[in-house]
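A short write-up of the structure that comes next.
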Amino acid sequence: MGEVSYRPAWIEVDLGAIYYNIHQLQNRLPEGTEIFAVVKANGYGHGDVEVARTAIEAGASMLAVALLEEALHLREGGILAPILVLGWVDPKYVPIAVEHHITLTFFQKSWLEQVKQIPFKGELSLHLKVDTGMGRLGVTTKSELETLLEVCNDSRLHIAGAFTHFATADERGLAYYEHQQLNWIKLQQILQSYKNDLLLHTGNSAASMRFPNQMFDAVRFGISMYGLYPSPIVKEEKPINLHPAMSLHTKLIHVKQVPTGRSISYGATYTTDREEWIGTIPLGYADGLARQLTGMDVLIEGKRMPIVGKICMDQCMIRLDQSYPIGTQVTLIGKQFEEEITMDEIAARLETINYEIACMLSSRIPRHYLNSTR
Ligand code: PMH
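Per our numbering, the very first residue in the sequence shown carries number 1; after that it's consecutive.
See below:
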């Protein structure tokens with residue numbers, strides 16, 4: 001879905017903003033630090049192939065995804081750059097990864113043993129995941145690491161890199177980040193004595209922007225490539241300037257004057273307390289507009305107006321300050337004149353993070369691409 005659309009609702013993705021954000025980061029990183037553009041989850045909802053293409057043009061040299069299917073989707077889209085799958089992939093799919101030149105992540109002895117039993121032609125490129133404190137995937141101890149490296153003795157396995165992931169690089173307090181750094185440095189020495197040409201990478205957006213001189217060979221740039229700060233603290237520090245790439249728009253499809261005491265939407269939870277103008281827009285919770293967003297503002301002609309009544313599956317209602325023609329543009333995320341509704345504002349309302357807002361906008365909303373700031 002999302003290719004052909006007949007309703008007036010769309011997400012605009014400004015690829016120029018993505019280009020700009022990568023350049024901003026590049027200017028801050030030491031010369032030669034490579035950039036993985038993290039395009040998992042359909043490029044955080046922005047469109048994986050389009051974002052990947054722009055990121056490579058802007059200077060990213062590699063891509064990172066969570067799933068093998070996401071990597072294959074990039075290949076189907078004609079993307080030739082190196083791709084790393086960050087998550088766990090069942091060993092039985094290793095021949096597919098090899099065939100499509102996709103690098104996999106490994107961290108289990110049993111996984112390597114199974115891979116060694118599989119007949120495949122060619123070389124499997126691998127990055128080793130070290131768990132320095134995220135507690136999700138990776139080897140945690142020196143002895144675990146040493147055992148794993150011993151099992152790598154198969155000429156078809158090419159250990160190309162090693163990495164870890166920070167749990168708190170976006171927080172004000174840095175004690176846990178530093179604890180993870182120390183763990184990494186200890187394990188990384190073992191890795192380097194095993195093989196001195198490994199591509200080492202640790203930093204996500206927060207770490208790469210805040211601590212650019214601690215980034216080893218590459219960074220994995222996700223949320224901030226899309227123009228969003230990883231946390232309010234990083235936004236406040238603003239180590240680099242970012243342009244948000246995504247905005248969400250629709251149009252009024254119905255406008256009516258409602259008398260006092262009339263109720264709006266399921267549950268009749270909103271009742272007009274005077275004569276009001278009510279507009280209907282064709283976006284609802286099936287598009288990712290969570291029902292808890294009732295009360296949130298949208299923009300019409302640069303003015304804020306609230307969503308009233310329960311959000312339906314495909315539609316919701318807006319309290320207008322006056323009558324507007326059908327077809328008037330409504331912006332739910334993004335700018336109109338001087339007014340802006342940010343992804344962060346919506347995240348705060350839902351008590352979540354901007355990452356989740358970008359990912360929750362469903363594939364039912366078509367993505368339109370433009371290149372404004374380049
Ligand atoms: N590397 C790994 C292993 C990740 O899981 C992520 C993001 C990134 C890099 C990019 O991080 P950034 O977007 O902060 O730059 N992963 C996730 C996650 O699993 N949940 O939220 C973000």
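Glycine residues also receive a C-beta, built at the ideal position from the N, C-alpha and C atoms. Because the structure is a prediction, the values reported are computed rather than measured.
Assumed close pair ILE300, THR250 - CB separation to whole angstroms, cut-off 8 Å: Counting from 1 along the sequence shown, the entry for residue 300 is found at position 300. Counting from 1 along the sequence shown, the entry for residue 250 is found at position 250. Between THR250 and ILE300 the Cβ distance is about 11 Å, and since that is not below 8 Å, they are no contact.
Where are the beta strand (DSSP E) runs, 3 residues long or more, that stay fully inside the region 234-322, in chain order? Within the region 234-322, complete beta strand (DSSP E) segments of at least 3 residues are found at 246-251, 254-258, 276-281, 297-300, 303-308 and 316-320, given in chain order.
Which of helix, strand or coil DSSP assigns to VAL4: As a first step, residue 4 must be located in the sequence shown, where it is residue number 4. Secondary structure of VAL4 (DSSP, three-state): coil.
With DSSP as the reference, please indicate the residues paired to ILE380 in a beta bridge. A question about residue 380 goes unanswered here, because the residues of the chain that appear run from 1 up to 374.
How would you label GLY302, buried or exposed, when you count the other beta carbons within 10 angstroms and need 16 or more for buried? What you label residue 302 is simply residue 302 of the sequence shown in a count that begins at 1. Looking at its Cβ environment, which holds fewer than 16 other Cβ atoms inside 10 Å, GLY302 is exposed.
Between VAL38 and the ligand PMH, is there a pair consisting of the residue's CB and a ligand heavy atom that are separated by less than 6 Å? Locating residue 38 in the sequence shown gives position 38, counting from the first residue. Yes, the beta carbon of VAL38 sits closer than 6 Å to at least one heavy atom of the ligand PMH.
Return the first residue and the last residue of the alpha helix (DSSP H) that GLU50 is part of. Locating residue 50 in the sequence shown gives position 50, counting from the first residue. That run of the alpha helix (DSSP H) goes 48-58.
Nearest to ALA71 by alpha carbon, out of HIS23, LEU84 and ALA162? Locating residue 71 in the sequence shown gives position 71, where the first residue counts as 1. ALA71 has its Cα closest to that of LEU84, out of HIS23, LEU84 and ALA162.
So, helix, strand or coil for THR147, using DSSP? Taking the first residue of the sequence shown as position 1, residue 147 is located at position 147. Correct three-state label for THR147: helix.
Run through the region 66-139 for me and flag every whole alpha helix (DSSP H) of 4 or more residues, listed as ranges in chain order. Here the runs fully enclosed are 68-76, 94-99 and 109-117.
Close-in-space but distant-in-sequence residues of the same chain around ALA97 (CB under 6 Å, 5 per side omitted): Walking along the sequence shown from the start, residue 97 turns up at place 97. Counting only Cβ-Cβ distances below 6 Å, and skipping sequence neighbours, we find LEU104.
On a CA-only basis, which of GLU276, LEU137, MET215 and PRO239 is nearest PRO259? Give me that one, please. The sequence position of residue 259 within the sequence shown is 259, counting from 1. For PRO259, the nearest C-alpha among the options comes from GLU276.
Looking only at C-alpha atoms, which of GLU34, GLN24, TYR44 and GLY32 sits nearest to GLY222? The residue given as residue 222 occupies position 222 in the sequence shown. Comparing Cα positions, the closest option is TYR44.
GLY284 to LEU128 span [Cα, whole Å]: In the sequence shown, the residue the question calls residue 284 occupies position 284. In the sequence shown, the residue the question calls residue 128 occupies position 128. In a straight line, the C-alpha of GLY284 is about 42 Å away from that of LEU128.
Given this structure, state the Cα-to-Cα distance separating PRO244 from PRO306, to the nearest angstrom. If you number the sequence shown from 1, residue 244 lands on position 244. If you number the sequence shown from 1, residue 306 lands on position 306. Distance between the alpha carbons of PRO244 and PRO306: 23 Å.
Bridge-paired residues (DSSP) for GLN26: Within the sequence shown, the letter at position 26 stands for residue 26. Looking at the DSSP assignment, GLN26 forms no beta bridge with any residue, so it has no partner.
Nearest-angstrom Cα distance between GLY2 and VAL38? Looking up residue 2 in the sequence shown gives position 2. Looking up residue 38 in the sequence shown gives position 38. Any reading at GLY2 must be qualified, since the residue scores a pLDDT of 47, below 50, and its modelled position is unreliable; the value itself is stated next. For GLY2 and VAL38, the distance between alpha carbons rounds to 22 Å.
If you draw a straight line from the alpha carbon of ALA268 to that of GLU171, how long is it in whole angstroms? Translated into the one-based positions of the sequence shown, residue 268 becomes position 268. Translated into the one-based positions of the sequence shown, residue 171 becomes position 171. The alpha-carbon atoms of ALA268 and GLU171 are separated by roughly 42 Å.
For GLY350, which residues from the same chain have a beta carbon less than 8 Å from its beta carbon, with the 5 sequence-adjacent residues on both sides left out? Start at 1 with the first residue of the sequence shown, and residue 350 comes out as number 350. It should be noted that the sequence gives Leu, not Gly, for residue 350. Excluding sequence neighbours, LEU350 sits near ALA290, GLN292, LEU293, GLU356 and ILE357.
Keeping to the same chain, check which residues put their C-beta closer than 8 Å to that of LYS238; ignore five residues upstream and five downstream. Here the question's residue 238 lines up with position 238 in the sequence shown. Only TYR229 meet the Cβ criterion.
Please classify ASN21 as buried or exposed, where buried requires at least 16 neighbouring CB atoms within 10 angstroms. If you number the sequence shown from 1, residue 21 lands on position 21. The residue is buried, with at least 16 neighbouring Cβ atoms inside 10 Å.
Straight-line CA distance for PHE163 to LEU332? Counting from one through the sequence shown, the residue named residue 163 turns up at place 163. Counting from one through the sequence shown, the residue named residue 332 turns up at place 332. Straight-line Cα distance between these residues: approximately 38 Å.
Give the DSSP-derived three-state secondary structure of ILE35 in the structure shown. Residue mapping note: residue 35 aligns to position 35 of the sequence shown, counting from 1. Taken through DSSP and simplified to helix, strand or coil, ILE35 comes out as strand.
State yes or no: is the C-beta of PRO230 nearer than 6 Å to some heavy atom of the ligand PMH? Here residue 230 refers to the residue found at position 230 when the sequence shown is read from its first residue. Yes.
Measure the beta-carbon distance from LEU375 to SER208 and round it to whole angstroms, keeping in mind my assumption that it falls under 8 Å. Outside the shown range of the chain (1 to 374) lies residue 375, about which nothing can therefore be said.
Contact set for GLY203: own chain, Cβ-Cβ below 6 Å, skip 5 residues either direction: By one-based count along the sequence shown, residue 203 stands at place 203. Only MET215 and VAL219 meet the Cβ criterion.
Per the contact definition of three or more C-beta pairs closer than 8 Å, is the region 115-129 in contact with the region 147-159? yes
Report the three-state DSSP secondary structure of ILE326 (helix, strand or coil). Counted from its first residue, the sequence shown places residue 326 at position 326. Coil, per DSSP.
Residue interval of the alpha helix (DSSP H) (run including ILE190): Against the sequence shown, residue 190 aligns to sequence position 190. Element bounds for ILE190: 175-194.
Please find out if some non-hydrogen atom of the ligand PMH comes closer than 6 Å to the beta-carbon of HIS165. The sequence position of residue 165 within the sequence shown is 165, counting from 1. Correct: HIS165 has its Cβ closer than 6 Å to the ligand PMH.
Quick check on the burial criterion: 16 or more other C-beta atoms within 10 angstroms. Buried or exposed for ARG53? Within the sequence shown, the letter at position 53 stands for residue 53. When all chains shown are included, ARG53 counts as buried.
If the criterion is Cβ atoms closer than 7 Å, does the pair ILE311 and GLY279 meet it? Residue numbering aside, residue 311 sits at position 311 when the sequence shown is read from its first letter. Residue numbering aside, residue 279 sits at position 279 when the sequence shown is read from its first letter. No, the Cβ-Cβ distance between ILE311 and GLY279 is not below 7 Å.
My assumption, with CB atoms under 8 Å, is that ASN213 sits in contact with THR132. Please give the rounded CB distance. Sequence index remark: in the sequence shown, residue 213 carries index 213 (1-based). Sequence index remark: in the sequence shown, residue 132 carries index 132 (1-based). Going by Cβ atoms, the distance from ASN213 to THR132 rounds to 18 Å, so no, they are not a contact pair.
On the criterion of 16 or more Cβ atoms from any shown chain inside 10 Å, does LEU145 qualify as buried, or is it exposed? Locating residue 145 in the sequence shown gives position 145, counting from the first residue. So LEU145 counts as buried.
Going by DSSP in three states, ARG156 sits in which element: helix, strand or coil? Working through the sequence shown from its first residue, we reach residue 156 at position 156. Three-state result, ARG156: coil.
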